[in-house]
Structures are given as C-alpha cells and as structure tokens.
Amino acid sequence: MARATNPAEYRIEEVQDLGQVEAVRDLQAEIWGSAAIACPSTLLWVISQAGGTVLLASAGDRPIGFAYGFVGRSQTGVVYHRSHAAGVLPEFQNSGIGRALKLAQGKAVRASGLSRIVWTFDPSQIRNAHFNLRRLGATARGFCRDYYGQRDDALSRGLPTDRLLVEWFLDEAESSELARLRRRADLVRVLVPQGLPARPGDDPQRAKGPQAELRAGLETALASGLQVIDFDAESRSYLLAELPPSFPGPAELMPGSSA
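Sequence positions in the sequence shown follow the working numbering and run 20 to 278.
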C-alpha cells in the first residue's frame, strides 16, 4: 500500500478551476464506490465561489484526497462552517493526508472569521471516531437514525445511515474545556459492538443487530444530557460527559430534535 508520509510528497490547495472541482467529484465516486452520491462539479464550483471551502490534495499530478463545506447558520443566528464530505484514496490513507486536509480546512475557516466546523459521521466507523474525537479534539452532541435514508455506496449499502453530529471548536477556550473534561475518571462509556464496522461486501443483515445496539447506547446516553467528548480505540468505546452550562449551545440540531 502506498504511503505519502513526507509533506513534500503531496500538496493541499483550494480549488482554482473547473478541472480541479471535477477531480473532487471523481474522487468521491472512486472512494465511496458510487457516482450517485458524489456532489456535482457545478455545485462544488459554486460552493468555492460563495464563501465555502473546496480543498484538493494531490501527489504530483494525481488527485488523492478532498474536503469541502459551506457556511451554515443556526436558527438562533450562530454562523459556522458546515463540512459536508472529506476523503482520501485507500492507498493513501493512514499517511497523515486526511488530518492535513482537516487542518487546512480549519485554517481556511479561521481566516474567514468563523470558529466552528460541523459535520456528520457514521458512529460504527471506529477509525473516523478516533480521528474526529481523539485526534482533532471535536465533540458530538446529536445523533440521528437513518440521516441520509438509503444510500448505494460501498459503506452504507443495505444499512441504515445513522449519524453523529460533530462540532469542532477552533478557539482555545472551548478546546481547553474539552481537554479538561477528557481527563476525568468518571466518563460514561458506550461500546461499539463487535461486528462493526461492516466491511464492503459483507452481508448487511449481520451488522444490523450490532448497529441497533450501538444506536440504543448512544441515544440513551445523549438523552440523559451527556455529550460525546472522546473515543478510546483500545476499548472501542465512546466517552461521554456533561458539558458545563457556559459551553456554547449546538450550532445545528438533528432532525426531530428540539432546543
């Protein structure tokens, strides 16, 4: 498997032309195994021109990764960056490019005057959980069953598209508070059952029981007033605590939620 561990071996840049946004469109189809869920290049171009971010990672002349998002506004007037999708070709994963893309996105968002990035991820994907919560230091305060409905991509085919809603705070105050909470010894744990994540090509019926167990654990914990603040890869566990009242409210509510 190829590795691009030296930063000199790849570059990350905001797209500048239609050829680059077409490369981002094609990467989505290649990474997820379905062109149907790829964002059209015309929409990506508009996002890049209207205050959003569309980033392309390349090794030489080869596109290998991407991230894109747009400006969101909550019902209470909070303005934030809504990151919709990011991915790296399989042979370049675990090489630091995914983290570099998110850090580049964070830098671009800070430069635009915003301080919070929001996105969703599948809670059964433990590598994403470790990356989002442990490595980036984000938190998750919302969960939604079957957020996207049925999707025909390699990871979701035949399975409900359950999602956690992630918030990544870029300012020091929120980051320091979350770091303090992660050091507590009384954090509540929600285990990701064995059998997850489902692998492409596996019988989806085998994953539905473990997925339902994970869904119940997260819904129960979040309904009690806890928030996901970390992920322990060794025990395959989400770690939860109650955020202090001074912590900023959620920028976005999951469908069916109330303030």
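Where is the CB? At the ideal position from N, CA and C, for every residue including glycine.
If you look at G38, you'll find it in the alpha helix (DSSP H) that goes L37 to W51. Q246 carries a strand assignment under DSSP once its states are collapsed to helix, strand and coil. Per the C-alpha coordinates, the member of Q124, G125 and P82 positioned closest to L108 is P82. Here K121 is buried: its Cβ has 16 or more other Cβ atoms, across all protein chains shown, within 10 Å. Burial is judged here by how many other beta carbons sit within 10 angstroms of a residue's own beta carbon; E191 has fewer than 16 and is exposed.
Ranked by how close their Cα comes to the Cα of Y87, the residues A270, R135, C58 and I248 have C58 in first place. In the DSSP assignment, G161 falls within the unbroken beta strand (DSSP E) covering T158 to C163. When R203, L200 and K227 are compared, the shortest CA-CA separation from P212 is found for K227. Rounded to whole angstroms, H100 and I116 show a C-alpha spacing of 21 Å.
Taking a contact to require three or more Cβ pairs closer than 8 Å, the stretch 242 to 253 and the stretch 144 to 157 qualify as touching. Here T180 carries a coil assignment [DSSP, helix/strand/coil]. If you ignore the 5 residues before and after Q47, its C-beta comes within less than 6 Å of the C-beta of A57, all in its own chain and listed in chain order. Membership of E33 in the beta strand (DSSP E) is indicated by the continuous run R30 to E33. Residue state for G84 is assigned as strand, using DSSP reduced to three classes. In the three-state scheme derived from DSSP, where H, G and I count as helix and E and B as strand, G228 is classed as helix. Secondary-structure assignment with DSSP links W187 through a beta bridge to I136. Under the DSSP definition of a beta bridge, G91 partners with Y99.
Below 8 Å, too few C-beta pairs join the stretch 230 to 242 and the stretch 67 to 74 to call them touching: fewer than three. Between the alpha carbons of A127 and G220 lies a distance of about 37 Å. Here the alpha carbon of T158 sits roughly 19 Å from the alpha carbon of A119. The DSSP-derived three-state label of S256 is strand. For S77, the enclosing beta strand (DSSP E) begins and ends at T72 to A78. Residue state for G268 is assigned as coil, using DSSP reduced to three classes.
When the alpha-carbon of R146 is set against those of P263, P264, W64 and R255, the nearest one is in R255.
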